[in-house]
Structures are given as structure tokens and as C-alpha cells.
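Quick note on the numbering used here: the sequence shown kicks off at 30 and runs consecutively. Note that CB positions come from ideal geometry on N, CA and C, so glycine has one too.
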Amino acid sequence: MRNRNKSAIVFVTLLAAVYVLCLSTFALAAEPRYGGTLRIGVRVAQENAIDARYLLTLTSIPTQELIYDRLFGWGPKGFESMIPGLATSYQTKDNKVWTINLRKGVKFHNGREMTAQDVKANFDWRITTPKGWKPIKHRELIKGLKKVEVVDRYTVRVTLDTPFSSLMRVLTWSMRGIIPPEEVEKWGDNFAFHPCGTGPFKVVEVKPNEKMVLERFDGYWGPKPYIDRVEMIYYRSDEARLVALEKGEIDMAQLYDEAKPTLQKNPKLTYQETYDPSILHKYYFNLRQWPMNDIRFRKAVWMGVDWKNISINSWAFKSGNPARTLLEYTKYFNPEAVKLVPPYNPEEAKKLIQAVEKDAGKKIPPIFWVDASMAPNQSLCEMAKSQLAQIGVPVNLQILSLALWADKIVRDPKMEWQMGGYGLAFATDPSIGLAMFETDSGTAPDGKSLGAYSNPEFDKWIKRSEAARTEEERTKAYHEAEMVLLKDVAAIPCFPMRMIFGWNKKLQGVQFTDTLAINVTTPWANMWIEQ
Numbered sequence: 030m031r032n033r034n035k036s037a038i039v040f041v042t043l044l045a046a047v048y049v050l051c052l053s054t055f056a057l058a059a060e061p062r063y064g065g066t067l068r069i070g071v072r073v074a075q076e077n078a079i080d081a082r083y084l085l086t087l088t089s090i091p092t093q094e095l096i097y098d099r100l101f102g103w104g105p106k107g108f109e110s111m112i113p114g115l116a117t118s119y120q121t122k123d124n125k126v127w128t129i130n131l132r133k134g135v136k137f138h139n140g141r142e143m144t145a146q147d148v149k150a151n152f153d154w155r156i157t158t159p160k161g162w163k164p165i166k167h168r169e170l171i172k173g174l175k176k177v178e179v180v181d182r183y184t185v186r187v188t189l190d191t192p193f194s195s196l197m198r199v200l201t202w203s204m205r206g207i208i209p210p211e212e213v214e215k216w217g218d219n220f221a222f223h224p225c226g227t228g229p230f231k232v233v234e235v236k237p238n239e240k241m242v243l244e245r246f247d248g249y250w251g252p253k254p255y256i257d258r259v260e261m262i263y264y265r266s267d268e269a270r271l272v273a274l275e276k277g278e279i280d281m282a283q284l285y286d287e288a289k290p291t292l293q294k295n296p297k298l299t300y301q302e303t304y305d306p307s308i309l310h311k312y313y314f315n316l317r318q319w320p321m322n323d324i325r326f327r328k329a330v331w332m333g334v335d336w337k338n339i340s341i342n343s344w345a346f347k348s349g350n351p352a353r354t355l356l357e358y359t360k361y362f363n364p365e366a367v368k369l370v371p372p373y374n375p376e377e378a379k380k381l382i383q384a385v386e387k388d389a390g391k392k393i394p395p396i397f398w399v400d401a402s403m404a405p406n407q408s409l410c411e412m413a414k415s416q417l418a419q420i421g422v423p424v425n426l427q428i429l430s431l432a433l434w435a436d437k438i439v440r441d442p443k444m445e446w447q448m449g450g451y452g453l454a455f456a457t458d459p460s461i462g463l464a465m466f467e468t469d470s471g472t473a474p475d476g477k478s479l480g481a482y483s484n485p486e487f488d489k490w491i492k493r494s495e496a497a498r499t500e501e502e503r504t505k506a507y508h509e510a511e512m513v514l515l516k517d518v519a520a521i522p523c524f525p526m527r528m529i530f531g532w533n534k535k536l537q538g539v540q541f542t543d544t545l546a547i548n549v550t551t552p553w554a555n556m557w558i559e560q
């Protein structure tokens, strides 16, 4: 009996020791570590649009979050609220004059301190395009930008022609980085191969159409990155990216829903699926041309296609998130607006098409429809094309690469397209997506709205949103503006951009929000690699 008790005591002691050892091991494993190279597989060659003046979306160019900082950025709650970045605070009394207080001690990657003069220069480029430059992307979204003054070394004053309550949120999209003027002057059009910002990582190597290599920037104003080096590696196909992740050639990858079964079977990998409410794919009508300028035709296109189901089915495993209204995936969603959405009714749509043709005395020609070469977009277009044919609307579908597609829709002065898929949306701030419909907004090469849509009633509500002093006033204005667009069938909403992020479980500290940024190092997140 005594030996049995002694054995039991020894066993319990050993068990306790093992338990303590396991706890210690777990604690050590969970402890962040410095060092290592993070390899990320991306779907777009980053040098194609890494110039802070001409950035594409975060899902296309995730490297921008490592190189640049905004004046105000997005925190752990995503688009719900802004947090200080290169600026620490701002003041305005009338939404026309804004004072922005800058963070002291911020360094550019070339070692020089960022000052108010640099911020002014970046604003000035958006007021007047310097000779020899292409106009800076999305500058038209900064409504009424009149002048920017340096108050002192760390303060700037921004003056607008008219009140614009959304200015700070809009700047998170239209000015995603402050860059040093001397570096832009030095490199000119080649700045994308030598980008210089204030972010946690600096670019040390660019291999075109292969990879971009970054190293920790020791002068970063925020938390020190745990990771030493980041390689953004370009793979042309999702399949190649997934295979590289499985083989351990990369640590993280941008993927789509097709990858989920493979990720679920691999015990070394994990993933997160999410969608980006700042990118709502929708179809614009070019009202410069017939029959797009006939509301009966636009209504027929909406009623003649089962947009809800094809938006779901265009994504693998029927995982699409269909949008009924423009503001559905934002905090400004209005249930009453859903009542204005035309129902799926191909028979009624066919009658509308016949009426349009009868009044015009001619048949509707093939509609020149442009979209991007992403699988969900292409799948949706093909399904819509088939259903439109059944109501008497032929379609000439042109699927273009991401770069060519964007140029064709928003920058080609010929504006030949008649229906175009484009995704600039409303979650960052509704004014960004709604600007695409404002009369003479300059969102198209001819100075008009993207699709040449114009309605004084819509413009009135947009002006009210810009002058609003309370959130209630803004919400009311956005709801009314959206309902005008729905009544006019100005565009057809389809789905927000979806993405799967897959990564090796040895990568720790991974945090995603609805911005879909890869948060390697931010003021609130910091990835590390378990050795």
C-alpha cells in the first residue's frame, strides 16, 4: 500500500511538472519574436501602381500599407472609426477651414523629417497638376480644395471653397501617403521603382513582375516591426499562389473562395474569408449614348437579369454577397431603399425593350460592356449576357486586364463603353462612391460624372451631406441621395469584393478588418514569425 501511495505521489508530481512545462512552452510559443522574412503571395505586380500619387486598391496593392502612412488611418474596428496617423488631431468650425496638427518626429525613408511643408506640397499637387504629370488619382474627391497654408512646422491649414464634412475620411482614400517632394523630383515617372514614404518598411529591391523586397525601417514613428524583411511575390494565378503556400515557399497568400477546400485540409495552414465594403462592384450606364439615356432601357436591364442570384453564383461555392442597394454594406444602409429596387421580371423587361425600340424606330444594337478579368466579374457578365439576350438586348462583352479595364472606364477620353463594371464604393465614406454620380464632378475625362448622370435633386442632397454638422443630418442626406439614384436606375449594385487570406500557422499576430489591409505592422497590430 505504501509503495502504491508513493507511486501515486510520484505520478502526480510528474504530471504537474509536465503541466507546468506545457504552460511554459505555450507561453514561450505565444511570445512575439523579432526577426525573419515574411513572404506574401500577391495577385498584382506591386510596382505597377505603388506610386502614392496613383495607387490602386488595397486588395491590388497591399504593399502601400507597409510603405506609406495616412494623415488619419483605420484602426482595429476598420471603417467604423479613424485613428491618428501622421496627424494627431484636427479642428474645424465650419467644415470649410480645417486645421491639421501633425505628428512630430516622423521620418521619411530617406532620413529627413516630415514637416508641414511636405504635407502642403502633397495637397498642392492635387490642386494644380505639375507640368508633365498625369493628374493625381482621386484628386476630384477632395471637394472644393482651394488652398493649403503652413501655419508652423507641424501645422497646416486647409481651406475649401464650400463646406465638406467628409474631408478627413475622404483623405484616407484620396491621399494614402505623404511622400517627399525631392524624391518625386529625383525619380519622376520611375518613383514606383524607388518609393519613399514614412511607413514601417522601406523598399530595398524591385524585380519587375517578380517581387518587391522591403526591410524594417528603424526610423518608423510607430511600434518597431517584429519582422525584419517582407517579400511581396507576384504570382499570375491563384492556383500558383496556393501551391506556393502549401509548399512553404510563401507564408501568406491572397486567394479566392476556390482555395478553401485545400486550406481546410492542411493542418499547417489557416485562413480568413472576408469582403471589402469599400469596393462594391456595380454596373454604370453611359448616359452619353442611346439607349442608356432612356430610363426604360436601364430599368429593363435591371428587371431582365436575376442580379441577386448571379451575384451569389458568380463566386465559387455560391459564396457571393449580393447587394440590393448602394449603401447596403455600410453603416448607412437604409431598409426603405430596398423597396425601390426593380424586381426580377423578364417578361416586363421585354415589354420595356420593345417600347424603347418602337419609339426610336430601330433595334437596340449590341451593348458595349466592359469589365475586369477577375473570375467573379467575368462569370457574372456571362450570366447577365445570357439573360439579357432573352429580353432582346445583345451584348458585346469586353473583358480587360485590371490596368486596361480601369483606364478604359475612367480615363479613356473616347468614353466608348456603354455599360461598365466599376467598384469604387461607400464604406470609406459614402461621398466617395456618390461622387461618381454628381453633375460635373470630374470623375470622367470630359469633366462630367462617370456615366454622365445628372439630377439636380441628387446634387442637392449631396450638398446637404457636405454641409451637415451632425451625423443625423449626414445620414438623412445620404439616404435621400441614394433613393434618387435608385429611382433613376443610375447604376446596378452587385457585390462587394471578396477575398480569402491564407497563411501558415507559424505566422502570428495576424489581424484583418473590413479594410482588407495586410496589417504587418501598424499602431495596433504587429505580426511575427514563430521560429
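Straight-line Cα distance separating residue j from residue i
i: residue 459; j: residue 518; result: 18 Å
i: residue 189; j: residue 436; result: 29 Å
i: residue 316; j: residue 401; result: 21 Å
i: residue 332; j: residue 91; result: 37 Å
i: residue 103; j: residue 422; result: 43 Å
i: residue 314; j: residue 220; result: 35 Å
i: residue 153; j: residue 472; result: 19 Å
i: residue 410; j: residue 286; result: 19 Å
i: residue 463; j: residue 477; result: 13 Å
i: residue 108; j: residue 235; result: 31 Å
i: residue 279; j: residue 87; result: 20 Å
i: residue 554; j: residue 114; result: 14 Å
i: residue 363; j: residue 357; result: 7 Å
i: residue 372; j: residue 232; result: 51 Å
i: residue 181; j: residue 245; result: 30 Å
i: residue 509; j: residue 432; result: 34 Å
i: residue 468; j: residue 507; result: 16 Å
i: residue 249; j: residue 412; result: 49 Å
i: residue 547; j: residue 289; result: 19 Å
i: residue 545; j: residue 530; result: 9 Å
i: residue 499; j: residue 126; result: 17 Å
i: residue 218; j: residue 360; result: 39 Å
i: residue 140; j: residue 98; result: 16 Å
i: residue 560; j: residue 347; result: 38 Å
i: residue 456; j: residue 390; result: 43 Å
i: residue 216; j: residue 549; result: 27 Å
i: residue 551; j: residue 281; result: 18 Å
Cβ of residue i within 8 Å of any chain C Cβ
i: residue 171; result: Absent here is chain C; the protein component of the structure consists of one chain.
Contact check, residue i vs residue j, beta carbons under 8 Å
i: residue 145; j: residue 119; result: no
i: residue 513; j: residue 417; result: no
i: residue 96; j: residue 224; result: yes
i: residue 81; j: residue 205; result: yes
i: residue 200; j: residue 366; result: no
i: residue 446; j: residue 426; result: no
i: residue 207; j: residue 143; result: yes
i: residue 258; j: residue 121; result: no
i: residue 227; j: residue 149; result: no
i: residue 156; j: residue 174; result: yes
i: residue 320; j: residue 424; result: no
i: residue 355; j: residue 525; result: no
i: residue 85; j: residue 74; result: no
i: residue 62; j: residue 558; result: yes
i: residue 123; j: residue 192; result: yes
i: residue 243; j: residue 222; result: no
Range covered by the beta strand (DSSP E) that runs through residue i
i: residue 262; result: 258-263
i: residue 203; result: Taken as a continuous stretch (DSSP letters only), residue 203 belongs to no beta strand (DSSP E), being part of the alpha helix (DSSP H) at 196-203.
i: residue 566; result: Shown here, the chain extends from 30 to 560; a query on residue 566 therefore has no answer.
i: residue 401; result: 396-401
i: residue 106; result: Counting along the chain, residue 106 falls outside any beta strand (DSSP E), and DSSP gives it neither H nor E.
i: residue 71; result: 66-71
DSSP beta-bridge partners of residue i
i: residue 116; result: 131
i: residue 557; result: 537
i: residue 425; result: 397
i: residue 283; result: 530
i: residue 245; result: 230
i: residue 126; result: 188
i: residue 235; result: 241
Where the alpha helix (DSSP H) through residue i begins and ends
i: residue 511; result: 500-517
i: residue 408; result: 404-418
Give the list of continuous alpha helix (DSSP H) stretches no shorter than 4 residues that lie fully inside the stretch 288-330.
289-294
At 3 residues or longer, and completely inside the stretch 153-226: list those beta strand (DSSP E) runs for me, N to C.
174-181, 184-189
My parser needs the beta strand (DSSP E) runs of 3 or more residues fully inside the stretch 440-486; what are they?
448-453
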